[in-house]
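Asker: Residue numbers (our numbering), protein chains in the order written: chain L, 116 to 440; chain A, 15 to 341.
Take a look at the following structure, please.
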Amino acid sequence: MSEAVLEVRDLKLHFSQRSGVFGRDRTVVRAVDNVSFELHKGETLGLVGESGCGKSSLGKALLNLHKPSAGKVIYQGKDIAGLSDKAMREYRRSLQIIFQDPFESLNSRHTVSAILEEPLLIHRIGDRASRTQRVAALLDMVGLPSSAASKYPHEFSGGQRQRIGIARAIALNPSVLICDEAVSALDVSVQAQILNLLLEIQRELHLSMLFISHDLGVVRHMSDRIAVMYLGQIVEIGDAQAIYQQARHPYTQGLLAAIPRLGSSPEESSQIGGDIPSPIAPPSGCRFHTRCAHTQAQCKIQPPALRPEGSHFTACHFWEDLKPA
Amino acid sequence: MRLLSVQNLSVSIRGDDGIARELVSSISFDIAAGETLGLVGESGCGKSLTAMSILDLLPKPQAARSKGSVLFKGENISTANQPRLRQIRGKNIAVIFQDPMTALNPVQTVAQQIIEVLQIHFPKQSRSAHRHRVLELLREVGIPAPEERLSAYPHQLSGGMRQRVMIAMALACEPDLLIADEPTTALDVTIQSQIVRLLKGLQAKNGMAMLFITHDLALVSQVSDHIAVMYAGKIAEYGKARDVFATPHHPYTQSLLAALPGIHHPPKSPLLALEGQVPAIESMPSGCRFSNRCRFVAEFCHHNVPPVEHISDTNTVACHRWKEINS
């Protein structure tokens, strides 16, 4: 296994919010609760889970957009909380993000060339001529014509805008790219174009990627390893093949079974009942116990640890006793 | 028996320039009693416009049905007056939408909203009978502790529960046809599978027909008896669900299936992406609307609209070259 570029240790992100009459009550949303993982050089780690499981919050914590309530994010051996301003700027240069909605994440009043030049200006890279050259090179890399430079975002389709988002993200030669639902808003035919582009860019720039998505088919296609999140915690993490072929956690099994497959009937899939509980008051013990078909007394009391077997980690007291789906 | 028959339906959209352009262009399909027709296509292909035009629910004056007829149980409802349409809506044909939060009234309780439907269509029944029916409906759609939910407002419910309330409302009058417009798109997969099972279960029980609209190919293959694949306002291919996805005949259907990441593609290998994008309504190709993206395109495809041809008794395709490319 190659070295870790990014390491997350016991990360917690708790957001307190006021509620009740005149905001007198304080509640704490445990968006991310004790998450640890490593992102290796050149790999794609898929992060899957249903809405509200904390996957986007986790992505933002890596970018230092959310301050962790506890735990560490370690980049190339250094805790990012202790970085100097200068080192933080360097860190932000090497970590970039692509958002879900290419309509909202691009400034509608800037031309494409201004959008792509901005990161270069902020990080004081090159003179005007070399920046113009860089913009042209970036457009070429993401498959847009050079005439795109003088246009505004609204003149492009969703897929093209996502290409602009990708060009902006790679403008500073990052080493880590976080894709937060990067293709979720796109139609199937356009989605395939963008996925191909991301794979191509990853190969060319030797990028490590954190690929966040709720679409398990897409994640399977893109990832070397996969982490499955449920209510702020990682319940299973391992090689993509192992996760898809021998899922161990009952949640992963249920999630995979719930994906419609071409030509299958809905009755064939086993079903996870109920709704996702609130992250304000997560269930005691194993957080999945309220929806799990295999719940036992212990599950309601004791939170399961993420236990390894080789490189495959599972947070379930009884996975050894359960048949793989 | 044909429950619904849509014949040569066209829907025009008026642009900012005031010119009306045909987006949905002479499409025809039938739905038999008790069956599910899946209408699948990418965003902007006109699938929702098609569905909304059935009940004359198009956003006027921007969109209007410009041609064609809609026959429901033999009655031409495309020429029906508003009072007649109001009778049909909700009672014979009900609709559920993608986003239950915007489709439900935020300042009315669950019970009030469902009772409203019953009051309109069964004004002679007593209030307690209506209340009783609401409880029965909520139970039927799998809402836990329905007595407690009666006085809940939509924002107090989860997305899955809201969609169940929408379904309960739609089922209130036991419609013959349910139009489900992307009913699970806003939901997580585990909730989606619950809702799909619920709909299929209710359909088996009540014998209602469904027009199921989605962009999700795998999902549509699960729920449908027949499938119509739409592209840029035209039905590219129509047929039995099993046939359409097992042996697609239209190059568009073929490309869509090839572009799906799945077990056919080794991980991290390039997907067979369909280049380009759906044409804008102002620049719709004059011949085959798929011609500018089709890898089998020939000169005449650019100029002539392909006729709908039969592949078999039930299945049709609209492509000039379907015989050549599938031989």
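Even glycine gets a Cβ: it sits at the ideal position worked out from N, Cα and C.
Just so we're clear, the structure is a prediction, and the values are computed from it rather than from any experiment.
#1: Going by DSSP, what residue range makes up the alpha helix (DSSP H) through L/C232?
#2: I believe L/H129 touches L/V143 by the beta-carbon criterion, under 8 Å. Please report the beta-carbon distance rounded to the nearest angstrom.
#3: Residues bridged to A/L23 by DSSP?
#4: So who's on the other strand from L/P423, going by DSSP bridges?
#5: Locate the alpha helix (DSSP H) running through A/H144, then write down its first and last residues.
#6: I'd like to confirm the pairing. Which residues does DSSP put opposite L/R141 in its beta bridges?
#7: Taking the C-alpha atoms as reference points, what is the distance between A/L212 and L/G186?
#8: Using a beta-carbon distance below 8 Å, is A/L233 in contact with chain L?
#9: Considering only residues of the same chain and omitting the five flanking positions on each side of A/H316, which have a CB-CB separation below 6 Å?
#10: What does the alpha-carbon distance come out to for the pair A/D30 and A/H264?
#11: With a Cβ-Cβ cutoff of 8 Å, do A/G2 and A/N329 count as a contact?
#12: If you reduce the DSSP assignment to three classes, tell me which class A/K81 lands in.
#13: So which of A/I205, A/E196, A/V148 has the shortest CA-CA distance to A/E188?
#14: Give, in chain order, every residue of the stretch 268 to 282 of chain A whose Cβ lies closer than 7 Å to some Cβ of chain L.
#15: Answer yes if the stretch 225 to 241 of chain A comes into contact with the stretch 283 to 298 of chain A, meaning at least three C-beta pairs across the two stretches below 8 Å, and no otherwise.
#16: Quick check: is the beta carbon of A/E49 nearer than 8 Å to any beta carbon in chain L?
#17: Starting from the C-beta of A/F111, find all residues in its chain whose C-beta is less than 8 Å away, skip the five residues before and the five after it, and write them out in chain order.
#18: Using alpha carbons as the reference points, say which of L/V350, L/R422, L/S426 lies closest to L/R402.
#19: Give a yes or no on whether the minimum CB-CB distance between A/R303 and chain L is below 8 Å.
#20: Leaving aside the five residues before and after A/A332 along the sequence, list all residues of the same chain whose C-beta is less than 6 Å from its C-beta, in chain order.
#21: Beta-carbon separation of L/S304 and A/S269 under 8 Å?
#22: Just the chain L side, please: which residues come within less than 7 Å of A/S172 by C-beta, in chain order?
#23: Would you mind working out which of A/A78, A/L18, A/M66 sits nearest A/R28, comparing C-alpha positions?
#24: Please compile the residues from chain A whose C-beta is within a distance smaller than 9 Å of the C-beta of L/A373.
#25: To which residues of the same chain is L/G369 closer than 6 Å at the C-beta, ignoring the five residues directly before and after it?
#26: What do you reckon, are the CB atoms on A/L185 and A/L151 nearer than 8 Å?
#27: By a C-beta neighbour count over all protein chains shown, 10 Å radius and 16 as the cutoff for buried, is L/P419 buried or exposed?
#28: Could you name the residues that DSSP lists as bridge partners for L/V123?
#29: Mind listing the chain A neighbours of L/A355? Cutoff is C-beta to C-beta under 7 Å, in chain order.
#30: To be precise: take each residue of the stretch 287 to 314 of chain L, compare its Cβ to all Cβ atoms of chain A, and keep it if any distance is under 8 Å. Which residues remain?
#31: For L/E232, is the classification buried or exposed, using 16 other Cβ atoms within 10 angstroms of its Cβ as the cut-off for buried?
#32: Beta-carbon of L/E270 versus every beta-carbon of chain A: anything under 8 Å?
#33: Rounded to whole angstroms, how far is the Cβ of L/G167 from the Cβ of L/I391, which I believe are closer than 8 Å?
#34: Which of the three DSSP states, helix, strand or coil, is assigned to L/V291?
#35: Among A/S297, A/H240, A/E296, whose alpha-carbon lies nearest the alpha-carbon of A/I45?
#36: Comparing C-alpha positions only, which one of L/T226, L/N179, L/L259 sits nearest to L/Y267?
Answerer: Reading from the atomic positions:
#1: Just to set this straight, residue 232 of chain L is Glu in the shown sequence, not Cys. 227 to 237 is the extent of the alpha helix (DSSP H) around L/E232.
#2: About 5 Å separates the CB atoms of L/H129 and L/V143; that is less than 8 Å, so the two are in contact.
#3: Answer is A/I41.
#4: Beta-bridge annotation (DSSP): L/P423 is paired with L/F428.
#5: It spans 141 to 154 - the alpha helix (DSSP H) in which A/H144 sits, taken as one unbroken run.
#6: L/R141 is bridged to L/R133.
#7: In a straight line, the C-alpha of A/L212 is about 43 Å away from that of L/G186.
#8: Under the Cβ criterion of 8 Å, A/L233 is counted among the residues facing chain L.
#9: Correct list, in chain order: G301, S305.
#10: In a straight line, the C-alpha of A/D30 is about 33 Å away from that of A/H264.
#11: An answer regarding residue 2 of chain A cannot be provided, because it is not within the stretch 15 to 341 covered by chain A.
#12: A/K81: strand per DSSP, three-state reduction.
#13: Nearest C-alpha to A/E188: A/V148.
#14: The residues in question are S269, L270, A273, L274, P275, G276, H279, P281, K282.
#15: Three or more beta-carbon pairs separated by less than 8 Å are not found between the stretch 283 to 298 of chain A and the stretch 225 to 241 of chain A, which leaves the two stretches without contact.
#16: The Cβ of A/E49 sits no closer than 8 Å to any Cβ of chain L.
#17: These residues qualify, in order along the chain: A117, M180, D195, E196, P197.
#18: Comparing Cα-Cα distances from L/R402 to each of L/V350, L/R422, L/S426, the minimum goes to L/V350.
#19: Under the 8 Å criterion on CB atoms, A/R303 is classed as non-interfacial with respect to chain L.
#20: Scanning its chain for C-beta atoms nearer than 6 Å, with the 5 sequence neighbours on each side dropped, one finds around A/A332 the residues A250, P320, V322, in chain order.
#21: Yes, they are a contact pair.
#22: Close to A/S172, with beta-carbon spacing below 7 Å, are these residues of chain L in chain order: D390.
#23: In terms of Cα proximity to A/R28, the closest of A/A78, A/L18, A/M66 is A/A78.
#24: Within chain A, the residues near L/A373 are D202, V203, T204, I205, Q206, S207, Q208.
#25: Closer than 6 Å at the Cβ level, and outside the excluded window around L/G369, lie I387.
#26: Yes, the pair counts as a contact, with Cβ atoms nearer than the cut-off.
#27: Classification of L/P419: buried, given that the 10 Å Cβ count is 16 or more.
#28: According to DSSP, which records beta bridges pairwise, L/V123 is partnered with L/F152, L/V188.
#29: What L/A355 touches in chain A: P281.
#30: Correct list: D302, V303, S304, V305, Q306, A307, Q308, L310, N311, L314.
#31: Buried.
#32: Chain A contact via Cβ: absent.
#33: For a cut-off of 8 Å, the C-beta gap from L/G167 to L/I391 is around 6 Å, short enough to register as a contact.
#34: DSSP places L/V291 within a strand segment (E or B) once states are collapsed to three.
#35: Closest by alpha carbon: A/H240.
#36: Distance check between L/Y267 and each of L/T226, L/N179, L/L259 places L/T226 closest, using alpha-carbon atoms only.
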